[in-house]
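Okay, structure first, notes after.
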Amino acid sequence: MKPINIIGLGYIGLPTALMFAAHGIEIIGTDLNTELVAKLQKNVLTFEEQGLVEVFQKAVAAGIQFQTEYEQTDKYIITVPTPYLKDSKKLDPSYVEQAVKQVLEVCLPGTILVIESTISPGTIDKIVRPLIHKKDLEIGSDIHLVHAPERIIPGNMVHELQYNSRTIGADTSEIGQAVKSWYESFCQGEIVVTDVKTAEMSKVIENTFRDINIAFANELAQMCYKEGMDVYELIQIANRHPRVNILQPGPGVGGHCISVDPWFLVGDYPEIVNIVLAAREVNDSMPTYVFDKMHIIMKEHGIRDYSKVGLYGLTYKENVDDIRESPTLQLLDVFHKYNIENVKIYDPYIQEQYFPGQLHDFQTFLEATELIIVLVAHDEIKEQQNLLQDKIIYDTRHVIHTAKKLYRM
Ligand SMILES: NC(=O)c1ccc[n+]([C@@H]2O[C@H](COP(=O)([O-])OP(=O)(O)OC[C@H]3O[C@@H](n4cnc5c(N)ncnc54)[C@H](O)[C@@H]3O)[C@@H](O)[C@H]2O)c1
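Per the numbering used here: the sequence shown ends with 764, consecutive numbering throughout.
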């Protein structure tokens with residue numbers, strides 16, 4: 356059996372490659388980023404993730420290889436980025452296109468080409484199949500196309516790779532079953548085989564479902580604030596209904612999936628999607644809502660100096676080091692719009708200096724600030740609440756219980 360070449364070794368590609376290798380599948384990982392590959396070749400992990408070190412060690416012991424070249428083989432899994440185009444809100448397929456083209460340069464006859472990157476419904480038909488026809492290759496004999504989207508969540512990736520159920524979309528059930536058998540090496544969840552388009556749509560609508568439900572909680576938070584009500588109590592009561600499960604409000608939606616994927620539907624079906632667009636707009640408006648409420652709190656306490664305001668957390672969710680599209684970044688854009696550049700920022704997971712006001716030590720951050728806006732529920736702040744007793748806290752995550760004065764969403 357020939358190795359699987361995994362293309363793209365980021366947040367999805369790397370853990371997937373390591374899990375395969377740690378479970379006895381021969382893996383070659385390819386990424387264009389030479390620095391990233393050099394690190395991996397020196398047995399250094401490129402990001403932090405619970406339990407990943409152990410899987411990395413097993414994968415290295417099993418002989419996983421990392422390189423910048425595409426390998427000649429008959430099995431590929433593409434996990435390159437799929438952002439959206441800012442103007443049209445449609446999928447930017449350029450990374451996938453590039454990766455497919457490079458695979459087609461080297462692959463062997465009978466290749467199974469799996470696209471694991473999240474793509475909008477119809478991408479394989481509209482973008483990928485034409486690339487194969489252009490090379491005079493026959494789909495179904497020279498190349499078999501599969502879409503196998505990923506559902507894992509940063510912070511719990513290793514566990515979820517093992518236990519989540521998965522979807523595999525293929526042109527024939529035979530190929531679907533073949534790819535299912537690869538993933539069964541490490542995945543104990545149910546693996547459903549379907550057609551390519553249903554697999555494409557399922558991934559995007561799962562994230563859209565979450566975005567819409569978060570938007571509903573965010574609207575509730577705004578209504579409750581207006582009425583002087585406690586949104587958390589309200590949600591807790593409503594959720595006692597056996598068929599109601601309202602999510603928690605927050606300062607916005609970030610990350611590479613939930614805040615991105617619904618735009619694919621907005622871009623592709625502008626005449627149909629109303630709720631999807633409205634939810635995106637509600638969630639995107641939350642950083643401005645936090646900004647406005649911060650001013651009300653500042654006024655109440657006579658705070659005029661923004662350098663006394665501290666933003667706790669830069670990542671898009673707790674206990675990870677991924678800051679992509681994070682609500683804090685979105686909030687900093689709002690500050691920037693008003694030329695406010697001197698707020699203090701601190702995140703225990705981020706060592707790089709992205710902003711002038713960024714501090715790298717919790718104690719220094721506490722000493723420098725009077726009002727702290729908790730934007731990410733990292734364990735650090737949850738476990739050290741006693742240090743917040745003389746602080747004014749605006750807790751957008753509902754995790755702080757001790758403060759001089761406590762505000763919530
Ligand atoms: N991050 C998540 O939580 C998550 C969850 C589910 C699905 N996804 C989807 O998985 C896909 C990958 O996301 P990610 O978070 O791993 O992205 P990422 O940016 O962390 O990693 C992508 C990697 O691909 C590499 N790359 C780009 N073009 C390449 C090419 N032509 N050849 C080889 N390497 C190339 C980049 O250098 C980068 O290292 C996206 O479609 C995303 O929507 C992400």
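Where a beta carbon is used, it is the ideal one built from N, C-alpha and C, also for glycine.
The stretch 507-520 contacting the stretch 470-484, beta-carbon criterion three pairs below 8 Å | no
For a test of your reading of the model: does the CB of T434 fall under 7 Å from any non-hydrogen atom of ligand 1? Yes or no. yes
**Asked** Within the present structure, is the beta-carbon of S681 separated from the nearest heavy atom of ligand 1 by less than 7 Å?
**Response** no
V559 versus R565 - alpha carbon distance: 10 Å
contact_flag[the stretch 723-735, the stretch 661-670] where n(CB pairs < 8 Å) is 3 or more
yes
**Q.** Where F402 sits in the DSSP three-state scheme
**A.** coil
- Query: In this structure, does DSSP put D750 in helix, strand or coil?
  - Reply: strand
Item checked: Classification of G657 by the beta-carbon crowding that lies within 10 angstroms, buried from 16 upward -> exposed
inquiry  = So, for C579: in the same chain, excluding its five sequence neighbours on each side, which residues have a beta-carbon less than 7 Å away from its beta-carbon?
reply    = D585, V586 and L589
Quick one: Cα of M374 to Cα of E381, how far? 11 Å
Practice prompt. Determine the closest residue to A393 out of D447, I678, G495 and Q420, with distance taken between C-alpha atoms.
Written response: Q420
Stretch-stretch touch, CB-based, cutoff 8 Å, three pairs: the stretch 397-411 with the stretch 629-646
no
For a test of your reading of the model: does the CB of Q457 fall under 7 Å from any non-hydrogen atom of ligand 1? Yes or no. yes
Determine the contact status of I755 and Q740, defining contact as a CB-CB distance below 8 Å.
yes
Tell me the DSSP secondary structure of K552 in three-state form.
helix
inquiry  = Considering just the uninterrupted stretch of the beta strand (DSSP E) at V729, what are its terminal residues?
reply    = L726 to V729
Please list the segments of the beta strand (DSSP E) lying wholly inside the stretch 415-481, counting only runs of 3 or more residues, in order along the chain. 420-422, 430-433 and 466-470
Can you list, in chain order, the residues of its chain whose CB lies under 8 Å from that of P448, leaving out five sequence neighbours each side? T437, I474, T478 and I482
### T683 - DSSP class collapsed to helix/strand/coil
helix
State the DSSP-derived secondary structure class of G657, mapped to helix, strand or coil.
coil
Provide the residue(s) that pair with H502 in DSSP beta bridges, ordered along the chain. I470 and G524
Straight-line Cα distance separating Y624 from E707 = 39 Å
**Message:** What would DSSP say about Q713, mapped onto helix, strand or coil?
**Reply:** strand
Practice item. Pull up the distance between the alpha-carbon of I433 and that of K654, whole angstroms please. Key: 51 Å
message: Determine whether the beta carbon atoms of N638 and A570 lie at a separation below 8 Å.
response: yes
Among P703, N568 and Q517, which one has its Cα closest to the Cα of G544? Q517
**Study point:** Euclidean distance between Cα positions of T751 and H611
**Key:** 21 Å
request  = Could you spell out where the beta strand (DSSP E) holding Y701 opens and where it closes?
outcome  = K699 to Y701
Report task. Have a look at the DSSP bridge pairing and note the partners of R484. Result -> Partner(s): none; R484 has no beta bridge.
For R595: DSSP bridge partner residues:
According to DSSP, R595 bridges with nothing at all.
**Message:** Does the contact criterion of 3 or more C-beta pairs under 8 Å hold for the stretch 402-419 versus the stretch 361-375?
**Reply:** yes
key: Between the CA atoms of E722 and D450 - distance to the nearest angstrom   = With the sequence shown as reference, residue 450 is identified as Tyr, and Asp is not the correct amino acid for it. Cα to Cα, the separation comes out at about 45 Å.
| task | In the DSSP assignment, find the alpha helix (DSSP H) that holds Y518 and state where it starts and stops. | result | M512 to Y518
request  = Measure how close the beta-carbons of T769 and I367 come, nearest whole angstrom, since I'm counting them as under 8 Å.
outcome  = Outside the shown range of the chain, which is 356 to 764, sits residue 769, and nothing can be said about it.
* Return the chain-ordered list of same chain residues with a C-beta closer than 6 Å to the C-beta of V628, the five sequence neighbours on each side being excluded. => L620 and V621
- Query: Relative to the alpha-carbon of G495, which residue among E738, G465 and A503 has its alpha-carbon at the smallest distance?
  - Reply: G465
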